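In my numbering, the protein residues as written are 3 to 405. From the three backbone atoms N, C-alpha and C, an ideal C-beta is built for every residue, glycine too. The structure displayed is predicted, hence computed values, not measured ones. Below is one structure, written out as structure tokens; the observations come after it.
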Amino acid sequence: MHHIPARGGLNYDDAPFLAIWEVTQSCDLACKHCRAAAQPIAHPDQLTTEEGKAVIDQIAAMHIPIFVFTGGDPLKRPDLFELVRYSAEKGVKVAVTPSATPLLTREAIFQMKEAGVVRLGISLDGSCPEIHDRFRGLPGAFARTIQAVEWANEAGLPIQVHTTISRHNAHDLDNLCNLFEKLAIVMWNVFFLVPVGRGQLADLLSGEEFEQVFGKIYELSHRVSFQIKTTEAMHYRRYLLQHNLQERRMGQGHPAGHPAALQEYEPGAPQADPQTRAHGWATRRVNDGKGFMFISHVGNVYPSGFLPLHAGNIRETPLAEIYREAPIFKALRDTSQLEGKCGACEYKEICGGSRARAYALTGDPLAQEPCCIYQPRNWQPRPEGEPAALCQPEAAAPLVTLQ
3 MHHIPARGGL NYDDAPFLAI WEVTQSCDLA CKHCRAAAQP IAHPDQLTTE EGKAVIDQIA
63 AMHIPIFVFT GGDPLKRPDL FELVRYSAEK GVKVAVTPSA TPLLTREAIF QMKEAGVVRL
123 GISLDGSCPE IHDRFRGLPG AFARTIQAVE WANEAGLPIQ VHTTISRHNA HDLDNLCNLF
183 EKLAIVMWNV FFLVPVGRGQ LADLLSGEEF EQVFGKIYEL SHRVSFQIKT TEAMHYRRYL
243 LQHNLQERRM GQGHPAGHPA ALQEYEPGAP QADPQTRAHG WATRRVNDGK GFMFISHVGN
303 VYPSGFLPLH AGNIRETPLA EIYREAPIFK ALRDTSQLEG KCGACEYKEI CGGSRARAYA
363 LTGDPLAQEP CCIYQPRNWQ PRPEGEPAAL CQPEAAAPLV TLQ
């Protein structure tokens, strides 16, 4: 097994960089791509306030840098502010991702800020009501989201916008970024669809379309004022390094590699320059179960919310033990177990492909990334006529236009 120190000295075999707690499955929206297939009524067996505080104690003991309260809609949980305050008292930095419903009031946003929330995550999937409201399944969601961002700015609460990329909105990225500049956000988190929950396979981009969107994100990252990161598109790291290297060869980039490059990358893989982190850099080496874990509303622990492979329950087993010892977590952190192209790829230590998407499309969490068209240097090509990527819908016009 290949062990490399992770961000800030963290060892991802010991603790994740990011943990997400689905504080409730209850939500009043009906988003087309919802991972949780959320329902209006809370599950009767969701974790109690005291059980939630016990989770927070364990997060603090593991020194996990980022803890996210998600849902459903966290505002559907009456003890939300109490749990946030408890987290702050324990030194745990909490971000919250509420839904744009009538519960997301100016008062609620100011209460979150006062309780200790360090960042608000808001979903915005289109630059206009026609796109966003159709995506979210609720007329008026766009206007309510914009209002919430304005209130957050008023409260001095940094805003991170989440956008799920699919066939419905891949053409809208320029307009979205223009809107984000006006809204003064600090980060844009670009989610790439994994067909679980309500997420539909027909909305999934092909491997070629992933590359088109990567190109657009890379272009945008050079001219926006906010940070951009990707989720469930680990191969954007490969794209980023490839293009960074091309720019350096053409005299457009920095001649020196990233200071951590030699220990971060597989031998033989290109090295990124210092600007790369500002140009759409995905969190280094974090993947499902590798620097990341997800706790459900009833205490089940998974490698991610998009990878429904049960590893244990916090009511029965300590969180640290589940993360460190559960067979699925250990397998996902061992890049030598990756199959197909991912197993042979020179970028596997920083990428590794979406384990959630591999599982959703093949039933095998260690299979190759289904939506990657890159051919590794040491990979034997597939037999003629067999696709390099599994998600290959019929040919269509480009989804995005590169300037």
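(request) Determine, using beta carbons only, whether T147 and F194 come nearer to each other than 8 Å. (result) Note that the C-beta distance between T147 and F194 is not below 8 Å.
(request) Please report the Cβ distance between D174 and G128, rounded to the nearest whole angstrom; I am assuming they are in contact, meaning their Cβ atoms lie under 8 Å. (result) With 8 Å as the limit, D174 and G128 qualify as a contact, their Cβ atoms being about 6 Å apart.
(message) Whole angstroms are fine: how far does the CA of A150 sit from the CA of L159?
(response) Distance between the alpha carbons of L159 and A150: 11 Å.
(request) State buried or exposed for R225, treating a residue as buried only when at least 16 other CB atoms are found within 10 Å of its CB. (result) Result: exposed.
(request) Excluding the 5 residues preceding and the 5 following T278 in the sequence, name in chain order all residues of the same chain whose CB lies nearer than 8 Å to its CB. (result) Interpretation of T278 is limited by its pLDDT of 42, a score under 50 that renders its predicted location unreliable; the figure taken from the coordinates is listed afterwards. When the five nearest sequence neighbours on each side are left out, the beta carbons in the same chain lying within less than 8 Å of the beta carbon of T278 are those of L242, L243, N246 and H260, in order along the chain.
(message) DSSP has E211 in a bridge; who is on the other side?
(response) Beta-bridge pairing links E211 to no other residue.
(request) Have a look at A62 and N289 and give me their C-alpha separation to the nearest angstrom. (result) Looking at the two C-alpha atoms, the distance is approximately 21 Å.
(message) Taking the straight line between their C-alpha atoms, what separation do you get for L340 and G354?
(response) CA-CA distance, L340 to G354, rounds to 8 Å.
(message) By the three-class DSSP mapping on this structure, what secondary structure does F71 have?
(response) The three-state reading of DSSP puts F71 in strand, counting E and B together.
(message) How far does the alpha helix (DSSP H) with F413 in it extend, from its first residue to its last?
(response) This structure gives no information on residue 413, because the portion of the chain shown stretches from 3 to 405.
(message) Using the Cβ count rule (16 or more neighbours within 10 Å means buried), how would you classify L203?
(response) When all chains shown are included, L203 counts as exposed.
(message) Buried or exposed for R417, going by 16 or more other Cβ atoms inside 10 Å?
(response) Outside the shown range of the chain, which is 3 to 405, sits residue 417, and nothing can be said about it.
(message) Taking the alpha carbon of P80 as the reference point, which residue from F137, P141 and I43 has its own alpha carbon closest?
(response) For P80, the closest alpha carbon among the candidates F137, P141 and I43 is that of I43.
(request) Pull up the distance between the alpha-carbon of G282 and that of T165, whole angstroms please. (result) With a pLDDT of 44 at G282, under the threshold of 50, the predicted position of this residue should be treated as unreliable, though the coordinate-derived value follows. For G282 and T165, the distance between alpha carbons rounds to 14 Å.
(request) With a threshold of 16 other CB atoms inside 10 Å of the CB of H299, please say whether the residue is buried or exposed. (result) H299 comes out buried.
(request) Quick one: residues in its chain with C-beta nearer than 6 Å to the C-beta of L20, no 5 flanking neighbours on either side, listed in chain order? (result) So the list reads I68 and F294, once near-sequence residues are dropped.
(message) Just verifying my parser: in three-state terms, what is the DSSP assignment at R169?
(response) Reduced to three states, the DSSP call for R169 is coil.
(message) Quick check on G93: does DSSP put it in helix, strand or coil?
(response) It is coil, neither helix nor strand.
(request) Could you have a look at I230 and say whether DSSP puts it in helix, strand or coil? (result) Residue state for I230 is assigned as strand, using DSSP reduced to three classes.
(request) Can you say whether I22 is buried or exposed, counting buried as having 16 or more other CB atoms within 10 angstroms of its CB? (result) Label assigned to I22: buried.
(message) Just list the residues that DSSP pairs N315 with in beta bridges.
(response) According to DSSP, N315 bridges with N302.
(request) Look at the alpha carbon of E412 and the alpha carbon of P378, and state the distance between them as a whole number of angstroms. (result) The structure shown does not extend to residue 412, since the chain is modelled only from 3 through 405, so no value can be given for it.
(request) Return the CA-CA distance between R136 and A145, expressed in angstroms with no decimal places. (result) Going by the C-alpha atoms only, they are around 13 Å apart.
(message) So for A21, helix, strand or coil by DSSP?
(response) Strand.
(message) Under 8 Å: do the stretch 94-103 and the stretch 111-123 share three or more Cβ pairs, one atom per stretch?
(response) When C-beta atoms of the stretch 94-103 are compared with those of the stretch 111-123, three or more pairs fall below 8 Å, so the two segments count as touching.
(message) Quick check on V245: does DSSP put it in helix, strand or coil?
(response) Checking the sequence, you will find His at residue 245 rather than Val. Three-state result, H245: helix.
(request) In angstroms with no decimal places, state the Cα-to-Cα distance between E210 and K218. (result) When rounded, the distance between both Cα atoms is 13 Å.
(request) Look at Y88 and I66 and say whether their C-beta atoms are less than 8 Å apart. (result) In terms of Cβ geometry, Y88 and I66 do not form a close pair [threshold 8 Å].
(message) Please state the DSSP three-state secondary structure of H164.
(response) In this structure, H164 counts as strand in the three-state DSSP scheme.
(message) Using only the alpha-carbon positions, how far apart do I187 and L105 sit?
(response) Within the model, the alpha-carbon separation for I187 versus L105 is close to 21 Å.
(message) Quick check: the Cα distance between S208 and I167, rounded to an integer number of angstroms?
(response) Distance between the alpha carbons of S208 and I167 is about 12 Å.
(request) State the Cα-Cα distance for the pair P272 and S356, rounded to the nearest angstrom. (result) For P272, the pLDDT reaches just 43, beneath the cut-off of 50, and the residue's location in the model is therefore unreliable, leaving the point undetermined.
(request) Please confirm if R379 has its CB atom under 8 Å from at least one CB of chain E. (result) As a matter of chain content, chain E is missing from the structure shown, which is built from one protein chain.
(request) Could you please give me the residues that DSSP links to V98 through a beta bridge? (result) According to DSSP, which records beta bridges pairwise, V98 is partnered with F71 and L122.
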